[in-house]
Structure formats: structure tokens, C-alpha cells
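Chemist:
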Amino acid sequence: MYGSVQLGIFMKKINSRILVVDDQVEVLIAAKMILKRTFETIVTLDNPKDILQTINDHSIEIVLLDMNFRVGYEDGKEGIYRLREIQEHFPQVKIILMTSYGQVERAVEGIKLGAIDYMMKPWDNEKLVHTVKETVQLVRKGRGKTVAEKETSFRGTSPAILAVYKVAERVAKTDANVLILGENGTGKFILASHLHNQSARRAKPFIHVDLGALHENLFESELFGYAKGAFTDARQDTAGRFEAAEGGTIFLDEIGNVPLHLQSKLLQVLQNRTVTRLGESKARPVDVRIITATNTDMEAAVGERLFREDLFYRINTISLSLPPLRERKEDLLAMFDYFVAQYADKYEVGSLAVEQGLSTYLMQYEWPGNIRELQNRVERAVILAEDGLIRWEHLGLTVPMSTQSQDNVLLDFERKTIEKTLEKYSGNVSRTATALGLSRPALYRKMEKYHIRIK
Ligand SMILES: Nc1ncnc2c1ncn2[C@@H]1O[C@H](COP(=O)(O)OP(=O)(O)OP(=O)(O)O)[C@@H](O)[C@H]1O
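Just so you know, we're using this note's numbering here: the sequence shown kicks off at 1 and counts up by one.
(1) Give the straight-line distance between the Cα atoms of LEU7 and PHE231, rounded to the nearest whole angstrom.
(2) How long is the line joining the alpha carbons of ASP297 and GLY182, rounded to whole angstroms?
(3) Among LYS416, ALA176, ASN257 and PRO368, whose alpha-carbon lies nearest the alpha-carbon of ALA213?
(4) Which same chain residues end up closer than 8 Å to ARG17 when comparing Cβ atoms and leaving out the 5 residues on each side of it in sequence?
(5) Please name the residue in ILE371, PHE219, TYR313 and ALA245 whose C-alpha comes closest to that of ALA203.
(6) Based on Cα-Cα distance, which residue from VAL378, GLY187 and ALA176 lies nearest to ILE318?
(7) Write down every uninterrupted run of the beta strand (DSSP E) in the segment 174 to 227 whose length is 3 residues or greater and which is fully enclosed by it, in chain order.
(8) Could you tell me if VAL286 is buried or exposed, where buried requires 16 or more neighbouring beta carbons within 10 angstroms of its beta carbon?
(9) In angstroms with no decimal places, state the Cα-to-Cα distance between GLN356 and PRO48.
(10) Kindly indicate the opening and closing residues of the beta strand (DSSP E) around ILE51.
(11) Helix, strand or coil for ARG453 per DSSP?
(12) Quick check on DSSP: helix, strand or coil for ARG37?
(13) Kindly give me the distance between the Cβ atoms of LEU325 and ILE371, rounded to whole angstroms, as I take these residues to be in contact under 8 Å.
(14) Indicate the three-state DSSP secondary structure (helix, strand or coil) for ILE116 in the structure shown.
(15) Given a cut-off of 8 Å, decide if HIS215 and ASP253 are closer than it, judged by their beta-carbon atoms.
(16) Quick check: what's the CA-CA separation for TYR165 versus ASP23?
(17) From which residue to which residue does the alpha helix (DSSP H) around PRO285 run?
(18) Between ILE14 and ligand 1, is there a pair consisting of the residue's CB and a ligand heavy atom that are separated by less than 7 Å?
(19) Quick check: is any heavy atom of ligand 1 less than 7 Å from the C-beta of GLY187?
(20) Ignoring anything shorter than 3 residues, give me the beta strand (DSSP E) runs that lie fully in the segment 283 to 366, in order along the chain.
(21) What are the start and end residues of the beta strand (DSSP E) that includes LYS94?
(22) By the three-class DSSP mapping on this structure, what secondary structure does THR460 have?
(23) According to DSSP, which residues form a beta bridge with ILE418?
(24) Using CA coordinates, which residue listed in SER100, THR99 and LEU113 is at the minimum distance from LEU83?
(25) For PHE154, is the beta carbon positioned less than 7 Å from some heavy atom of ligand 1?
(26) Alpha carbon to alpha carbon, what distance is there between VAL108 and MET98?
(27) Is it true that the CB of LEU138 sits closer than 8 Å to the CB of ALA168?
(28) Excluding five sequence neighbours on each side, which residues of the same chain lie with their C-beta closer than 7 Å to the C-beta of PRO91?
(29) If you measure between the beta carbons of LEU270 and ILE250, is that distance less than 8 Å?
(30) Count the CB pairs spanning the segment 335 to 344 and the segment 299 to 311 that are closer than 8 Å, and state whether there are at least three.
(31) With distances taken Cα to Cα, identify the nearest neighbour of LYS228 among THR292, GLU126 and HIS394.
(32) Between which two residues does the alpha helix (DSSP H) harbouring PHE90 extend?
(33) Below 8 Å on the Cβ atoms is my guess for GLY156 versus MET335; work out the distance and round it to an integer in Å.
(34) If you check the beta carbons only, do THR135 and LYS173 fall under 8 Å apart?
(35) Going by other Cβ atoms of all chains shown within 10 Å of its Cβ, with 16 needed for buried, is HIS394 buried or exposed?
(36) Any heavy atom of ligand 1 within a distance shorter than 7 Å of the CB on ASP253?
So this is what it looks like as C-alpha cells:
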């Protein structure tokens, strides 16, 4: 019943460039056969010495890297060496390690060094494809971070964000379905992964599915899986994302985009806690926590009958609303500094200063793209900054100038900067003045103006 109509759709591959490195040619052939069904470009290599050149020649995004390349040297050291080499030259490339029985410790060492994941050889085909798909998503979303890094993300101290995270801490421990609301770029993904990481399910998978990016025709097979022969291109039994998340959490992003006829299928899964693969009649139980997110007004969508009310109530046991950045401006400057430091580190540009008065403009701007926009603009600015100074024009923004409130923000910023710098230099006025690019008398005048005393 899922025959030829879907053939064309299933032949559409994920656009990604993947390199598999292993000294055993059979392994390369097998990996290529499996991966090429799903991914666009698969390059294989049996000599690790050519890795860097190959990554460069094919603009590789993901490397599946064996850990041993010579008979008699099976301690995984060479894998670690190659991992470091790739990271040094191509820090944006994501690496999945392939390891044999008995070498998990070495693979874990690799994860600590920044590899995204590891696969045991001989691998399970479904898991291989699944892991690579997850990594493609990380590449796409620019989130090639390890779990540890995600946890260190900047949260802020504004009442608006603290309130959300206070509820989140309580909710995380439960299995309640959570609906995260918020404009694009407000940190919904970060919050969802935080909920998972704080839950008892943390050691199990966290599976992110962007329903907004998922073609309607792929919805069922992707989420629920399919049996061999269910449609022309279904060459083997394949688990869907719900099964992949077994024991863990599934994060259904952009839930508001699911068309009505598919909402009922989703509702069935949520109600029965079972999934039925396409082409099968057997219902398989799944133990999965469900977190959803959207930037659409769900109540309005329910009112307009675009979203099923029963499904809405089921996903909405608890809802958490992330404030837009313009409503948490208390966090803006600290978050700006956080991203500057992060990108200065990434691009190895040393420490960067910020043009005087820049914070005024930052505070004036509305940030319609929220944290993502701030992050992207800072990245751009760090790249464009000259002589160690970030200027307004590096951000590529235009904002009207010179109102009373802007002046106040500017003064406030200046006062805080002086206080912080004095603190940093333990009240030493000469060193503070030098750090701020002021003469000592000028600094004293400003300290007097702001009533700053040395503690
Ligand atoms: N608290 C935070 N600390 C550091 N970075 C953050 C924080 N919140 C969000 N970001 C960054 O901002 C960007 C957007 O965050 P995220 O993807 O979680 O938002 P979103 O609401 O899921 O966006 P969208 O709705 O567009 O998918 C990401 O690159 C993320 O790393």
C-alpha cells in the first residue's frame, strides 16, 4: 500500500559529505553500501595518512574514523592521534569513532577529546545510519557540541529566564510531557536537552526531530519506522525515531507544523505508548518521554482547528515559555561577552575589546532572531574585528541613536566597566587606567562622577 508513490521521495538522500576511514577494504565497502542509501556523498579511504587531504578535497563534514590501522597495534592510539589531527586542522568536522570490542575506554577518551560518538564494530546497520543522521543534524544546526559543552551554555540571571528554569528543574525529574513555547532562537533546544540531562533518563538517548524540516511523506517512516518491503525502497526493517529514543527522550521540534491528518497518528502513539512500523501490524511498546516545542500560537491554532485539541492537551501537561531576548535585556550584555569570548577562542584572535558605547546600541536593538541572531552577529563581528576592537559596524546592524535612555545605558555601562576593571586589578588605579586606555587623572574624574570608591 505504500508502493510506488513514495519511491521518489525515499530516493531523496540527505545532503551530507561523509568520509569513512578504515584499513580494511571490506569495512569500507560495507559502510559505503549502507550509508549511500541515505546520504548523498560517501568517500572512503584506507590510508589514514591521506585524511587531511581528503577532507579538504571533498569538503567533508563528518568522518567515521577507525581507531586501529596496523596489525599488531590495536590499542586505539592511532585513532586518537588522527582524531586530534583532524580537530586541529578542521575543527568544524564532526568525528564518529569506530572501535572494536575491548577498546571502549579508548573511545571514551576520544569522546572527551571532542568526538561526537563511537560505534562498536561490527556495527548494527540501523544504529550506524541513525548515529550519522544525528550527527548531520548537529552539523546543520551548528551544534556540534559534546554534552558537557551544552551544559556550560550561558543561562543568564534575568528574572524572566530564572523563572523558566526554576520550573524546569522541578519538571525535569518527572516524566511529564512538556511543551516549550518561544520565538525562533530563544533556546528551546537548549532547554529541552537540559530537561533530558537533568532527568533519570539522561544516560539514554535524546532524539531531536525537527518536524518543520521533515517532509510530510517521510513523517511516518521517520518517526515510526518501517518493515522491509513496506514500500519499494524499504530494503530492510528499520526502527523509527520513537524506537531509537527508547528509555530516553524524544524532542519533537516545530510541533505546530504537523498537518492535521498526521496529528491523529501522533496522538495514537502518545495515547497507547506504542508504535507500529509502516507495513507491520504489530504494535511495539515504547518507553519515551515526549518534549515538544513550537513558535506558533498553539491556542489560536486549536481555535482555528488547525491543531487537534486532544493532541494539544496531551503534549501540554506542562508548558514552559522562553522569553524573547528583548524581554530579558538584563542578560544581553553578559551574553554578548560570553559569545565574544567563545568566538575569540574559536578563531584564536586573542582578547578583544569593545568600542565605547556599543552596549547602548546592543540594548536598543530588538533582536528579532533572539539568541541565535546575537550569536551569529557576534561571530561575524569577531571575524571582522581589526586591531582587537569590535565596532558597531562589525555586527552589521543599524539602530537609531542618541536618546536619553541610550545615554543612560551608556553611562551605566561605563560605570560597571570601571568597577569590574578595578576589581580585577584589586583596586590598583594605575593598572586599571592602563587597561581602560585612560590617564590616571581621567580615571579619577570618572570614579568621582560615578561615586566609585576603592574597596
Ligand atoms: N542559554 C544559552 N547559552 C548559549 N547559547 C544559547 C543559549 N540559548 C540559545 N543559545 C544558542 O542560540 C541558538 C538558538 O538556540 P536554540 O536552537 O536552542 O533555539 P530554538 O528556540 O530551538 O530555535 P529554533 O526555534 O529556531 O529552532 C543556538 O545556536 C544555541 O546554541
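All residues carry an ideal CB built from backbone N, CA and C; glycine is no exception.
Modeler: Based on what the coordinates show:
(1) Position 7 of the sequence shown, counting from 1, holds the residue named residue 7. Position 231 of the sequence shown, counting from 1, holds the residue named residue 231. Only weak support exists for where LEU7 lies, its pLDDT of 31 falling under 50; the coordinates are left without a value.
(2) For the purposes of this step, residue 297 is taken as the residue at position 297 of the sequence shown. For the purposes of this step, residue 182 is taken as the residue at position 182 of the sequence shown. About 9 Å.
(3) As a first step, residue 213 is located in the sequence shown; it is residue number 213 there, counting from the start. For ALA213, the nearest C-alpha among the options comes from ASN257.
(4) The residue you call residue 17 lines up with position 17 of the sequence shown. Taken in chain order, the residues that qualify are GLU40, THR41, VAL43, HIS58, SER59, ILE60, GLU61 and ILE62.
(5) In the sequence shown, the residue the question calls residue 203 occupies position 203. Checked all of ILE371, PHE219, TYR313 and ALA245; the closest Cα to ALA203 is ALA245.
(6) Sequence index remark: in the sequence shown, residue 318 carries index 318 (1-based). Comparing Cα-Cα distances from ILE318 to each of VAL378, GLY187 and ALA176, the minimum goes to ALA176.
(7) 178 to 181 and 206 to 210
(8) Here residue 286 refers to the residue found at position 286 of the sequence shown. The residue in question, VAL286, is buried, as its Cβ has 16 or more Cβ neighbours within 10 Å.
(9) In the sequence shown, residue 356 corresponds to position 356, counting from 1. In the sequence shown, residue 48 corresponds to position 48, counting from 1. Between GLN356 and PRO48, the C-alpha separation is close to 49 Å.
(10) On the sequence shown, position 51 is the one that residue 51 refers to. Per DSSP, ILE51 belongs to no beta strand (DSSP E); it is in the alpha helix (DSSP H), 51 to 58.
(11) Counting from 1 along the sequence shown, the entry for residue 453 is found at position 453. Coil at ARG453, not helix or strand.
(12) On the sequence shown, position 37 is the one that residue 37 refers to. Of the three classes helix, strand and coil, the one that applies to ARG37 here is coil, per DSSP.
(13) Position 325 of the sequence shown, counted from the first residue, corresponds to residue 325. Position 371 of the sequence shown, counted from the first residue, corresponds to residue 371. About 6 Å; that satisfies the 8 Å criterion.
(14) Sequence index remark: in the sequence shown, residue 116 carries index 116 (1-based). Here ILE116 sits in coil by DSSP.
(15) By one-based count along the sequence shown, residue 253 stands at place 253. By one-based count along the sequence shown, residue 215 stands at place 215. No.
(16) Counted from its first residue, the sequence shown places residue 165 at position 165. Counted from its first residue, the sequence shown places residue 23 at position 23. Cα-Cα distance, rounded: 48 Å.
(17) For this step, residue 285 is matched to residue 285 along the sequence shown. Careful: PRO285 lies outside any alpha helix (DSSP H), inside the beta strand (DSSP E) at 283 to 285.
(18) As a first step, residue 14 must be located in the sequence shown, where it is residue number 14. For ligand 1, not one heavy atom lies less than 7 Å from the Cβ of ILE14.
(19) Counting from one through the sequence shown, the residue named residue 187 turns up at place 187. Because some heavy atom of ligand 1 lies under 7 Å away, the Cβ of GLY187 counts as near it: yes.
(20) 283 to 285, 289 to 294 and 318 to 321
(21) As a position in the sequence shown, residue 94 is number 94, starting the count at 1. Run containing LYS94: 94 to 99, per the beta strand (DSSP E) assignment.
(22) A query on residue 460 cannot be resolved here, the shown segment of the chain reaching from 1 to 455 and no further.
(23) As a position in the sequence shown, residue 418 is number 418, starting the count at 1. BP columns for ILE418 are empty, so no partner.
(24) As a position in the sequence shown, residue 83 is number 83, starting the count at 1. The candidate whose alpha carbon is nearest that of LEU83 is LEU113.
(25) In the sequence shown, residue 154 corresponds to position 154, counting from 1. Yes, ligand 1 has a heavy atom inside 7 Å of this Cβ.
(26) What you label residue 98 is simply residue 98 of the sequence shown in a count that begins at 1. What you label residue 108 is simply residue 108 of the sequence shown in a count that begins at 1. Answer to the nearest angstrom: the Cα atoms are 11 Å apart.
(27) To locate residue 168, count along the sequence shown from 1; it is residue 168. To locate residue 138, count along the sequence shown from 1; it is residue 138. The answer is no: Cβ separation not under 8 Å.
(28) Residue 91 sits at position 91 when you count from the first residue of the sequence shown. There are no such residues.
(29) Counting from one through the sequence shown, the residue named residue 270 turns up at place 270. Counting from one through the sequence shown, the residue named residue 250 turns up at place 250. Against a cut-off of 8 Å, the Cβ pair of ILE250 and LEU270 comes out as no contact.
(30) no
(31) Here residue 228 refers to the residue found at position 228 when the sequence shown is read from its first residue. Nearest C-alpha to LYS228: GLU126.
(32) Residue numbering aside, residue 90 sits at position 90 when the sequence shown is read from its first letter. Per DSSP, PHE90 belongs to no alpha helix (DSSP H) and is neither H nor E.
(33) The residue labelled residue 156 in the question sits at position 156 within the sequence shown. The residue labelled residue 335 in the question sits at position 335 within the sequence shown. Between MET335 and GLY156 the Cβ distance is about 6 Å, and since that is below 8 Å, they are a contact.
(34) Residue numbering aside, residue 135 sits at position 135 when the sequence shown is read from its first letter. Residue numbering aside, residue 173 sits at position 173 when the sequence shown is read from its first letter. No; because the gap between Cβ atoms is not below 8 Å, this pair is not in contact.
(35) Position 394 of the sequence shown, counting from 1, holds the residue named residue 394. Counting Cβ neighbours within 10 Å, HIS394 comes out buried, since at least 16 surround it.
(36) What you label residue 253 is simply residue 253 of the sequence shown in a count that begins at 1. Correct: ASP253 has its Cβ closer than 7 Å to ligand 1.
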